[in-house]
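Participant: I'd like to ask you about the structure that follows.
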Amino acid sequence: MLSNVEATLSRAKALKATFERAASLAGVRFEEVEGFVEELARGVPNVDLPGGSRTPVGRALLALFRQSRKLATDASSVESQPDNDDGSQSAVDFPSPERREYALRCFVRRPAPYSSPTPQYMYCCSSSSGDLRLAAAFSRDTVFQ
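The number in my numbering is simply the position in the sequence shown, starting from 1, with 39 added.
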């Protein structure tokens, strides 16, 4: 129990330090990013980012990607990338995706039209190496068949 609390606290401190640095790189106040960091620290698996890269959190995330790319490649080639007309960095700031994931969740009346709607789930993962993984979980109403 105590080790879980210590791990959570250390994860929260690391996230806060990372995003403080990212906010300063992006020229954003940390207070604008703090809510996003708190959600990540709580362990929320998917945190929404309405507005995408145009928000303060988005600019901080872009700064993190830019910095990691600058460390991975030659600094002069990253800095010489042209800006878009709207003043934002180009999409080259993000690394190319390793894989794409798709999830479909729905409720369907199965096996008959008068059955109760039951949850259905399908997951697909396509990697850049050509692998395709497909998983599905189907259910049906067993009371009214």
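C-beta atoms are modelled at their ideal positions from N, C-alpha and C, and glycine is treated no differently. This structure is a prediction, so every number in the text was calculated from the model and none was measured.
Report the option in Ser168, Cys164, Gly169 whose CA atom is closest to the CA atom of alanine 175.
Facilitator: Ranking the options by Cα distance to alanine 175, first place goes to Cys164.
Participant: Is it true that the CB of valine 67 sits closer than 8 Å to the CB of proline 95?
Facilitator: Cβ atoms of proline 95 and valine 67: closer than 8 Å.
Participant: My output table needs one value for alanine 56: the three-state DSSP class, helix, strand or coil.
Facilitator: Alanine 56 falls in the helix class under three-state DSSP.
Participant: In terms of residues, what are the limits of the alpha helix (DSSP H) holding glutamate 70?
Facilitator: Here glutamate 70 belongs to no alpha helix (DSSP H), and DSSP marks it neither H nor E.
Participant: Over what stretch of residues does the alpha helix (DSSP H) that includes alanine 102 continue unbroken?
Facilitator: From DSSP, the alpha helix (DSSP H) with alanine 102 extends over 95 to 111.
Participant: Let me know the secondary structure DSSP gives leucine 79 once reduced to three states.
Facilitator: Correct three-state label for leucine 79: helix.
Participant: What does a CB cutoff of less than 7 Å around alanine 142 pick up in its chain, not counting 5 residues either side in sequence?
Facilitator: Same-chain partners within the cutoff: Tyr162.
Participant: Once DSSP output is grouped into helix, strand and coil, what is the label at valine 181?
Facilitator: At residue 181 the sequence reads threonine, which differs from the valine that was named. Three-state result, threonine 181: coil.
Participant: Under a Cβ-count criterion, where at least 16 other Cβ atoms within 10 Å of its own Cβ denotes burial, should arginine 98 be classed as buried or exposed?
Facilitator: When all chains shown are included, arginine 98 counts as buried.
Participant: Spatial neighbours of glutamine 159 within its chain, please: C-beta separation below 6 Å, excluding the five flanking residues on both sides.
Facilitator: Excluding positions up to five away in sequence, the list reads Cys145, Val147, Phe177.
Participant: From lysine 109 to glutamate 77, what distance separates their C-alpha atoms?
Facilitator: Spanning the two alpha carbons is a distance of roughly 27 Å.
Participant: Based on Cα-Cα distance, which residue from Arg93, Leu103, Ser135, Leu171 lies nearest to alanine 62?
Facilitator: Nearest C-alpha to alanine 62: Leu103.
Participant: Looking at the structure shown, is arginine 149 part of a helix, part of a strand, or coil, going by DSSP?
Facilitator: Looking at arginine 149 - three-state DSSP - the assignment turns out to be coil, as it is neither helix nor strand.
Participant: Would you kindly work out how many angstroms separate the C-alpha atoms of serine 42 and alanine 56, rounded to a whole number?
Facilitator: When rounded, the distance between both Cα atoms is 21 Å.
Participant: Out of Ser155, Leu171, Pro150, Thr112, state which residue places its alpha-carbon closest to the alpha-carbon of glutamate 140.
Facilitator: Cα-wise, what sits closest to glutamate 140 is Leu171.
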